[in-house]
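Colleague: Let me give you the structure first, and then I'll get to my questions.
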Amino acid sequence: MITKILIFITISLMMISISRIFRKAENEKNNNEKSIALSLRDIIFVLTLGLIIIMLSNF
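Using this note's numbering, the first residue of the sequence shown is number 1, and each one after it goes up by one.
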């Protein structure tokens, strides 16, 4: 039961983080390569961290 709650919270936080990253990228007027690279790095970090938390909660 606790693992299902933890997975639900993790997925919700991942979705919120990704939407914030896209909103931030959309609001920036100068989309240069550095800001795009930072956004991609943030998305990969959030997804990796979320998957690690989900894997650890299944033990």
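C-beta atoms are modelled at their ideal positions from N, C-alpha and C, and glycine is treated no differently.
For the alpha helix (DSSP H) that F45 lies in, which residues bound it at each end?
Modeller: 33-57 is the extent of the alpha helix (DSSP H) around F45.
Colleague: Given a cut-off of 8 Å on the beta-carbon distance, is the pair S35 and I21 in contact?
Modeller: Against a cut-off of 8 Å, the Cβ pair of I21 and S35 comes out as no contact.
Colleague: Determine the DSSP secondary structure at M15, reduced to helix, strand or coil.
Modeller: Correct three-state label for M15: helix.
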